[in-house]
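2 protein chains.
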Amino acid sequence: MPKIKDTDTENQILNAAKKVFQEKGMDGARMQEIADKAKINKSMLHYYYRSKQLLFEAVFKNAFALLAPQLNAILNDDSSIEEKVISFTNNYISFVVKHPYLPSFIIQELNRNPKFILKLKDQKGFPNIEKFKKQVVLEIEQGILKPIKGEQLFINILALNIFPFVASPLVKAFVNINDTEFKQLMVDRKTEVANFIINAIKV
Amino acid sequence: MPKIKDTDTENQILNAAKKVFQEKGMDGARMQEIADKAKINKSMLHYYYRSKQLLFEAVFKNAFALLAPQLNAILNDDSSIEEKVISFTNNYISFVVKHPYLPSFIIQELNRNPKFILKLKDQKGFPNIEKFKKQVVLEIEQGILKPIKGEQLFINILALNIFPFVASPLVKAFVNINDTEFKQLMVDRKTEVANFIINAIKV
DNA sequence: ATATTTGTCAACCAAACGGTTAAACCAAAT
DNA sequence: ATTTGGTTTAACCGTTTGGTTGACAAATAT
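Below, the structure is given as structure tokens:
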């Protein structure tokens, strides 16, 4: 071992690759731009990650690993559905503000290559809906919730939270607001969406 | 070999370009693939549309022109909010089944180039939310609806309807269902989503 | 019939792309 | 002091890309 494990370059590359891939997607990203942003020679990209595909997969898995815990919070936690809805909508907005390109990046790239998710599904920590479904059935039996399928409720929660960020240019144009007003509208949604869902499902 | 009155070529090109662009996006699309699919020489693409960018814009505007009337139905119609929600959720699913790649195509490409929507905003027929907002205020005053901002309600309606199609690979993986089950779930949503929204907003 | 315009194609082109190579570099081990 | 082996670089390579050219055929105008 000649040098003291110099993982710095590898990290610079991954950070630069994150930015470029998440902003431009696999097809739009250029290896040269990643190298420039990481301030290293283009050959280093291949030295550390062999190919564009493998570098991309490193970035993608990294991004997905950030998103998964957010979802597991609502799927595997032991609190009530109502509590889950409140905490999830609250947390998710803060999360997206930190990683603005992340949700649309994941969705866009999975649309480009839907088979890719199979590689992720096997890994532990991949969100699983079974516990959530049982909980919904139970709370309906207990007369807490109106009848609804767990799958549909989960899709609705995801949709109301994720969609405005994924489709933000469209939403801004339709609602006819600028970036500042949009940001405020999203902050308002922290309580707005939770109330909306709870009104919809509570008896 | 030109046959009798051949404006047909231009249409073949546009149809092929629609398929390729909507499936692979601007960056992933290849002019050669479009030419092959249209069964014409690659030079014809430039003869009729000058550049990849202009061909793409033709496809994009065409796609947007299909989506806009769907949204105007909920924004400018004279029926009640409840009726609008029911008819929109009902119609939208049928629409997406006919044009599966369309919503994610529009969203993806606007994320890639958000400025592009400014070109569309000027055109007449571009969805405008003002009438809808006034209607929401009115129905709240009349005691029909619970208090909610028109913008938020509109975003929620869009989200619940559009999101599952835009994020279909993700949804399929999380809910752990195959294509057939997903299709069924989407059909169920025709009534499911309408009920969900109405429960959430009706007094 | 002849000339002009429009439509079509095969061949070609320069630039950009992802990836490779071979040599230099440098800190630790001998 | 020399060897060693991971690290870095400039130059290079084959392929693909969007786009162009020039010749030519078909349709239309004269």
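For the protein sequence lines, the chains are A and B, in the order given.
Here the first sequence is numbered in numbering that gives the first Met the number 0, starting from 0 and rising by one per residue.
Here the second sequence is numbered in numbering that gives the first Met the number 0, starting from 0 and rising by one per residue.
The C-beta atom is built at its ideal place from N, Cα and C for all residues, glycine as well.
When DSSP labels each residue in this structure, what does residue i get in the three-state scheme?
i: B:K145; result: coil
i: A:K201; result: strand
i: B:S167; result: helix
i: B:G124; result: coil
i: A:S50; result: coil
i: B:R111; result: helix
i: A:N75; result: helix
i: A:N61; result: helix
i: B:I156; result: helix
i: B:N194; result: helix
i: A:I220; result: Residue 220 of chain A falls outside the range modelled here, since chain A spans only 0 to 202, and no answer is possible.
i: B:L117; result: helix
i: B:M185; result: helix
Residue range of the alpha helix (DSSP H) that residue i falls in?
i: A:I92; result: 80-97
i: B:A37; result: 30-37
i: B:T8; result: 7-27
i: B:I176; result: First-last for B:I176: undefined, no H or E at that position.
Mark residue i as exposed unless 16 or more other C-beta atoms lie within 10 angstroms of its C-beta, in which case mark it buried.
i: A:S42; result: exposed
i: B:S78; result: exposed
i: B:L44; result: buried
i: B:R49; result: exposed
i: B:T88; result: buried
i: A:A199; result: buried
i: A:Y46; result: exposed
i: B:E146; result: Residue identity differs from the one stated: residue 146 of chain B is Pro in this sequence, not Glu. It is exposed - the Cβ of B:P146 has fewer than 16 other Cβ atoms within 10 Å.
i: A:R111; result: buried
i: B:L52; result: The displayed chain sequence assigns Gln, not Leu, to residue 52 of chain B. With fewer than 16 other Cβ atoms within 10 Å, it is exposed.
i: A:G24; result: buried
i: A:K83; result: buried
i: B:P68; result: exposed
i: B:G142; result: exposed
i: A:S167; result: buried
i: A:L117; result: exposed
i: B:E191; result: buried
i: B:V19; result: buried
For a contact meaning CB atoms closer than 7 Å, what does residue i contact in chain B?
i: A:I116; result: P168, A172
i: A:E150; result: V174, L184
i: A:L53; result: Those do not exist, as A:L53 stays about 19 Å from chain B at its closest Cβ, beyond 7 Å.
i: A:I33; result: Those do not exist, as A:I33 stays about 15 Å from chain B at its closest Cβ, beyond 7 Å.
i: A:F195; result: N155, A199
Contact criterion: CB-CB distance below 8 Å. Does residue i meet it with respect to chain B?
i: A:A199; result: yes
i: A:F94; result: no
i: A:A158; result: yes
i: A:S121; result: First, the amino acid is wrong: residue 121 of chain A is Asp here, not Ser. No, because no Cβ of chain B sits closer than 8 Å to the Cβ of A:D121.
i: A:I80; result: no
i: A:I73; result: no
i: A:A15; result: no
i: A:I12; result: no
i: A:F59; result: no
Counting only C-beta atoms, is residue i closer than 8 Å to chain A at any point?
i: B:S103; result: yes
i: B:R188; result: yes
i: B:D76; result: no
i: B:G24; result: yes
i: B:V136; result: no
i: B:S139; result: The sequence given here has Ile at residue 139 of chain B, not Ser. No, its Cβ sits nowhere closer than 8 Å to a Cβ of chain A.
i: B:V165; result: yes
i: B:I208; result: Here chain B has residues from 0 to 202 only, and residue 208 of chain B is not among them.
i: B:F162; result: yes
Residue i touches chain A at which residues, Cβ-Cβ below 8 Å?
i: B:K145; result: N198
Going along chain A, which residues have a C-beta under 7 Å from residue i?
i: B:Q107; result: Q107
i: B:F20; result: Near B:F20 there are no residues of chain A at all, since even the closest Cβ is about 12 Å away, more than 7 Å.
Below 9 Å on C-beta distance, what does residue i contact in chain A?
i: B:P126; result: A172, F173
i: B:G27; result: G24, M25, D26, G27, R111
For residue i, return the contacting residues in chain B, with the cut-off set at a CB-CB distance below 9 Å.
i: A:V84; result: The premise fails here: A:V84 is roughly 12 Å from chain B at the closest Cβ pair, so nothing lies under 9 Å.
i: A:E191; result: I147, K148, Q151, N155
Can you list the residues of chain B that residue i reaches, using a CB-CB cut of under 8 Å?
i: A:P99; result: Neighbours of A:P99 on chain B: none; closest Cβ ~11 Å, over 8 Å.
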